[in-house]
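Peer 1: Let me give you the structure first, and then I'll get to my questions.
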Amino acid sequence: MIRFIRFMRWNPFLIGCLLFCTAVGLFIGRRLIASEVPMTIAQVHYSGGGDWYGDATVIKNWLRLLRTRADIETAEARVILKLTDHTLYQYPMLYLVGHGNIQLTEAEVEALRDYLMNGGFLFANDDYGLDESFRREMQRVFPEQELQPIPNTHLIYRCFYALKGLPKIHEHDGEPAQGFGLFHDGRMVVYYVYSSDIGDGLEDADVHPEDTPEVRELAAKMAVNIAVYALTH
0 MIRFIRFMRW
10 NPFLIGCLLF
20 CTAVGLFIGR
30 RLIASEVPMT
40 IAQVHYSGGG
50 DWYGDATVIK
60 NWLRLLRTRA
70 DIETAEARVI
80 LKLTDHTLYQ
90 YPMLYLVGHG
100 NIQLTEAEVE
110 ALRDYLMNGG
120 FLFANDDYGL
130 DESFRREMQR
140 VFPEQELQPI
150 PNTHLIYRCF
160 YALKGLPKIH
170 EHDGEPAQGF
180 GLFHDGRMVV
190 YYVYSSDIGD
200 GLEDADVHPE
210 DTPEVRELAA
220 KMAVNIAVYA
230 LTH
């Protein structure tokens, strides 16, 4: 069986984080291996008509936050890949975004399931309009479970920055921000945010000028937490 390799360098914060997680039984040691290759995040290119290519400036800004705030050595640009690409296991974390329909092939469903069961992590950001098809496709990936609400006490909201829960970044229909997860062997492998739109708050400031600096800061903190959680679990 292929075991996933995390691509990052050790640094004082992460050593401390891993020691903490080990102490409380939260860290699965086999899933994090030091490497000289800078960490990056890959954006999923999917079919079905949805705008998989959105949030064009999110990942570069997200990676910059990880370098400057969490002292994680990263690449500087996003990578685009399909789930069946042979390079999938080079990326510890995937980003999926869109407003519309997602349709995965059987090969993509199998590839994503294997990736997640072997240490990978998927963060999905609903730009509004993604919810129905995303839930349908995740049911195909893990047919034995449904997306579970993630409580505000979950470690993802406090593993780096202490947040009160998932912040509301962009208003679409007035619903509260909601986080959902899928799990494998007790580890959250999919984190899905609905009616929050963390990505909007990570875009270059001129993309969504209505987002205040305070709102953008909440998005930045949540994004750092998501990545730190993904890299240490």
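Quick note on numbering: the sequence shown equals residues 0 to 232 in numbering that gives the first Met the number 0. Where a beta carbon is used, it is the ideal one built from N, C-alpha and C, also for glycine.
#1: Are the beta-carbon atoms of residue 225 and residue 191 separated by less than 8 Å?
#2: Using the rule of at least 16 other Cβ atoms within 10 Å of the residue's Cβ for burial, across every protein chain shown, is residue 164 buried or exposed?
#3: Less than 8 Å separating the beta-carbons of residue 179 and residue 193?
#4: Could you say if the segment 146-161 and the segment 121-132 meet the contact criterion of at least three C-beta pairs nearer than 8 Å?
#5: Could you pull the start and end residues of the alpha helix (DSSP H) that residue 113 belongs to?
#6: Tell me the DSSP secondary structure of residue 120 in three-state form.
#7: Secondary structure at residue 46, three-state DSSP: helix, strand or coil?
#8: Which residues share a DSSP beta bridge with residue 214?
#9: Looking only at C-alpha atoms, which of 220, 171, 131, 168 sits nearest to residue 101?
#10: Going straight from the alpha carbon of residue 134 to that of residue 141, what length do you get?
#11: If you drop the 5 nearest sequence neighbours on each side, which residues of the same chain put their C-beta closer than 7 Å to that of residue 86?
#12: Report the rounded CA-to-CA distance for residue 202 versus residue 63, giving the unit in angstroms.
#13: Where DSSP assigns a beta bridge to residue 94, which residues make up the other side?
Peer 2: Once the coordinates are examined:
#1: Reading the sequence shown from its first residue, position 226 is the one you call residue 225. Reading the sequence shown from its first residue, position 192 is the one you call residue 191. Contact flag unset, no.
#2: Within the sequence shown, the letter at position 165 stands for residue 164. Result: buried.
#3: Position 180 of the sequence shown, counting from 1, holds the residue named residue 179. Position 194 of the sequence shown, counting from 1, holds the residue named residue 193. It is a contact, given that the beta carbons lie within the stated cut-off.
#4: no
#5: Here the question's residue 113 lines up with position 114 in the sequence shown. Counting along the chain, the alpha helix (DSSP H) containing residue 113 begins and ends at 105-116.
#6: Position 121 of the sequence shown, counted from the start, is the residue given in the question as residue 120. Of the three classes helix, strand and coil, the one that applies to residue 120 here is strand, per DSSP.
#7: For the purposes of this step, residue 46 is taken as residue 47 along the sequence shown, with counting starting at 1. Three-state result, residue 46: strand.
#8: The sequence position of residue 214 within the sequence shown is 215, counting from 1. Answer by DSSP bridge pairing: none, since residue 214 is not bridged.
#9: Reading the sequence shown from its first residue, position 102 is the one you call residue 101. For the residues 220, 171, 131, 168, the minimum Cα distance to residue 101 belongs to 131.
#10: Within the sequence shown, numbered from 1, the residue matching residue 134 stands at position 135. Within the sequence shown, numbered from 1, the residue matching residue 141 stands at position 142. Answer to the nearest angstrom: the Cα atoms are 10 Å apart.
#11: Position 87 of the sequence shown holds residue 86. Hits under 7 Å: 80.
#12: Taking the first residue of the sequence shown as 1, we reach residue 202 at position 203. Taking the first residue of the sequence shown as 1, we reach residue 63 at position 64. Those two C-alpha atoms are separated by around 12 Å.
#13: The residue you call residue 94 lines up with position 95 of the sequence shown. According to DSSP, which records beta bridges pairwise, residue 94 is partnered with 42, 122.
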